[in-house]
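Here is the structure we will look at.
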Amino acid sequence: MNKDELLAKFQRLGKVLMTPVLILPIAGILQGFGNAFTSPTLTAAVPWLAAPGFAIFFSILKAAASIVMNNIPVIFSICLAYGFAKSEKATAALCGFLGYMCMNSVMGTFLTATGVIDPANLTTGQSTILGITTLDTGVIGGLLVGAIVAWLHNRYYKIELPAVFSIFNGTRFIPAVTLLSCSILALVMSFVFPFIQNALGALSEFIKTTGAFGAFVYGAGERMLLPFGLHHFVYLPFFFTSLGGVETIDGQTVQGAINIYNAILGSPSTPFNIEVSRFVMNGKVIFAMFGLPGAALAFYKTALPKNKKKAAALMIAIVVPCILSGITEPLEYSFLFIAPILYVFHALMAGLAYALTYILQFNVAGSASFGGPLLSLIFNGIMGAAKGSNWQVILFLGPIYFVVYYFVFKFIILKKDLKTPGREEESDDEAAKAPKTVISDLIPAIVEAVGGDNNIKSVEACFTRLRIQLNDCDKVVDDAEFTEKLEARGIVHVNGGVQIVYGNMASNYATQMRELLGME
């Protein structure tokens with residue numbers, strides 16, 4: 014497998030992993046509301062919130078959120094199996110769940126029988142998962158099972174067995190081979206995973222000792238890898254494995270930065286810990302709420318006079334989700350392909366934001382798992398002040414970031430005459446005459462631009478990109494065709510296909526294109 018093929022597989026994996034990651038925001042919002050309005054600090058200040066009706070309501074919110082937060086590994090397993098299955102995806106998803114349950118059941122039974130696990134006295138790395146006492150493999154276990162199921166499914170979903178076993182032909186064979194394979198995996202994991210747990214723990218300790226420098230690398234690396242679709246691999250391991258830390262909170266051992274931060278929110282006495290907060294994107298609160306809006310203002314100020322109104326509408330549309338929910342990609346993609354130098358500056362400033370928030374002990378999570386920067390600032394920062402959120406840091410660091418982004422972006426745009434949003438040279442007459450492209454016309458035009466329907470192998474979408482696998486990439490028209498006539502914000506050429514940046518419409522366009530082409 015060459016470098017391009019490996020990169021393509023990692024990019025697809027990143028896209029598949031976005032499905033479970035995007036489930037987290039609603040759970041985070043419910044968790045935020047539930048924890049905020051049942052916190053001792055708030056109920057002491059507002060006694061009527063402790064009334065039975067309110068207490069039950071907010072407890073229900075927390076219970077609903079816990080279904081997601083406590084079962085992230087099996088969700089990953091299901092999504093990975095589903096996402097990589099070539100066909101009969103429902104069977105693959107079911108087997109993703111069966112395989113994960115089988116692995117934990119066999120592993121728990123074996124380790125209990127050999128005396129490694131004492132159900133009455135669980136130690137670090139051991140847990141009860143979906144009612145099964147077993148070794149806690151975290152999201153790694155879910156990913157392994159999902160990958161195995163996807164491979165088995167794609168290899169055997171059309172299998173034809175001898176007549177005596179023909180009842181197990183096709184997809185009916187997949188559950189059987191899944192149970193067998195995951196039983197073997199469970200036995201292997203029983204011996205291997207304890208060593209992996211120790212290694213991850215050691216690596217976690219190493220990263221913790223890097224302090225502010227480690228925080229800088231974490232933040233800058235996550236942004237720099239975004240254009241390649243590989244940024245998930247920077248933060249996901251810290252979110253859900255012991256790389257993000259292992260803490261004992263209120264008698265319960267918790268691993269992974271997301272889980273630890275949630276446990277702290279739910280604990281009446283445990284204060285925030287910056288060694289955890291730096292991995293739940295505390296730096297993102299700074300650059301998403303202040304830095305990038307400063308860049309957007311620079312785009313507006315440097316726009317041509319005739320384009321000011323259009324630039325203002327565009328900037329407002331992409332700044333609002335950036336501030337509210339931390340969805341920064343639409344704004345970042347508006348200058349990534351036009352002015353890479355600005356994106357490099359942005360990535361370095363993102364890393365600096367993580368380093369500064371680490372040094373200043375800013376304990377407000379910016380991850381979408383907690384509803385995004387603004388909601389997290391309100392519910393986890395301001396309302397969590399008693400836990401040591403130090404939310405006041407944003408009052409001076411935020412404006413500094415806004416000003417720095419604004420003046421640096423404005424200076425570079427004008428000095429290099431960059432064609433950022435609003436600086437296009439289209440005349441008013443041309444703009445008036447140009448017909449507005451509607452979605453029904455846009456989709457066939459995209460199909461033709463990538464070589465026609467016979468050149469398209471598959472169509473998918475992540476949060477902001479329309480991902481098209483092609484038979485012949487040489488048939489794709491020039492990049493300018495996409496940005497100037499097909500309303501794209503950019504295009505990335507990858508091995509075997511293209512990724513066209515359409516922001517929040519990418520998913521809708523993918524669905525319409527599949528329907529147009531008659532794809533599943």
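Start counting the sequence shown at 14; every next residue gets the next number (our numbering). Note that beta-carbon positions come from the ideal geometry of N, C-alpha and C, so glycine has one too.
For Ala308, which option in Ser347, Ile271 and Arg478 has the closest C-alpha, if you only look at C-alpha atoms? Ser347
So, with DSSP's three-state summary, where would you put Ser338? helix
Just reading off the beta strand (DSSP E) that Arg478 is part of, what are its end residues? Arg478 to Leu483
When you compare only the Cα positions, how much space is there between Ala160 and Gly128? 30 Å
How close, in whole Å, do the beta carbons of Pro343 and Gly516 come, if the pair is a contact with beta carbons under 8 Å? 4 Å
Looking at the structure shown, is Val81 part of a helix, part of a strand, or coil, going by DSSP? helix
Report all residues from its chain with a CB closer than 7 Å to the CB of Ile354; omit the five preceding and five following residues, and keep chain order. Ile425
Counting pairs of beta carbons, one from the segment 322-336 and one from the segment 399-416, are three or more of them closer than 8 Å? Two segments are said to touch when three or more pairs of C-beta atoms, one from each, lie closer than 8 Å; by this definition the segment 322-336 does not touch the segment 399-416.
Residue nearest to Lys432 in terms of C-alpha spacing, selected from Tyr371, Asn403, Ser520 and Arg502: Arg502
Sheet register partners of Val119 (DSSP bridge): The partner list for Val119 (beta bridge, DSSP) is empty, contrary to what the question assumes.
Could you tell me the alpha carbon to alpha carbon distance between Pro9 and Glu497, rounded to whole angstroms? Residue 9 is absent from the structure shown; the chain starts at 14 and stops at 533.
Taking only the alpha-carbon atoms, compute the straight-line gap between Leu193 and Ala126 and give it to the nearest angstrom. 20 Å
List the endpoints of the continuous beta strand (DSSP E) containing Glu500. Glu500 -> no beta strand (DSSP E), and no H or E assigned at all.
When DSSP labels each residue in this structure, what does Gln265 get in the three-state scheme? Shown here, Gln265 sits in a strand according to DSSP, grouped into three states.
The alpha helix (DSSP H) spanning Gln525 covers which residue range? Ala519 to Leu530
Between the CA atoms of Asp485 and Val463 - distance to the nearest angstrom: 9 Å
I'd like to know if Gly364 contacts chain B, where contact means its C-beta is closer than 9 Å to some C-beta of that chain. Any reference to chain B falls outside this structure, which holds one protein chain only.
Per the contact definition of three or more C-beta pairs closer than 8 Å, is the segment 369-383 in contact with the segment 264-282? Counting C-beta pairs closer than 8 Å gives three or more between the segment 264-282 and the segment 369-383, which meets the contact rule.
Considering Ile469, what are the terminal residues of the beta strand (DSSP E) in which it resides? Residues Ile469 to Ala474.
May I ask you to verify whether the segment 139-152 touches the segment 161-173, counting CB pairs closer than 8 Å and requiring at least 3? no
To which residues does DSSP link Ile142 through a beta bridge? Ile145
How would you write the range of the beta strand (DSSP E) that Gly510 sits in, first residue to last? Gly510 to Val514
Where Val451 and Phe495 are concerned, what is the direct C-alpha to C-alpha distance, given to the nearest angstrom? Reliability fails at Val451, whose pLDDT of 47 lies under 50, so the model's placement of it is uncertain and no value is given.
Report the residue ranges of all beta strand (DSSP E) runs contained in full by the segment 142-182; include only those spanning at least 3 residues, in chain order. 145-148
Going by C-alpha distance, which of Val472, Asn521 and Thr223 is nearest Lys99? Lys99 has its Cα closest to that of Val472, out of Val472, Asn521 and Thr223.
Ser440 to Ser290 span [Cα, whole Å]: Because the pLDDT at Ser440 is just 46, under 50, the model does not fix this residue reliably, and the value given afterwards should be weighed accordingly. Approximately 49 Å, taken between the alpha carbons.
DSSP state of Val460, grouped into three classes? helix
Hey, quick one: how far does the alpha helix (DSSP H) through Arg236 stretch, first residue to last? Gly224 to Met237
Measure the alpha-carbon distance for Ala176 versus Val201 and round it to whole angstroms. Our two residues, Ala176 and Val201, have alpha carbons roughly 33 Å apart in a direct line.
Please check the pair Leu198 and Leu157, which I expect to be a contact at CB under 8 Å, by giving their CB distance rounded to whole angstroms. About 7 Å separates the two Cβ atoms, so the contact holds.
C-beta contact flag for Tyr95 and Ala78 at 9 Å: no
Could you spell out where the alpha helix (DSSP H) holding Ile130 opens and where it closes? Ile130: not part of any alpha helix (DSSP H); DSSP gives it neither H nor E.
Neighbourhood of Ser402 by C-beta distance below 7 Å, restricted to the same chain and skipping five residues each side: Phe285, Asn376, Val377, Asn393 and Gly394
Going straight from the alpha carbon of Thr524 to that of Ile262, what length do you get? Answer to the nearest angstrom: the Cα atoms are 44 Å apart.
Going by DSSP in three states, Glu288 sits in which element: helix, strand or coil? In the structure shown, the three-state DSSP call for Glu288 is helix.
Would Leu74 and Ala68 be called neighbours here (beta carbons separated by less than 9 Å)? no
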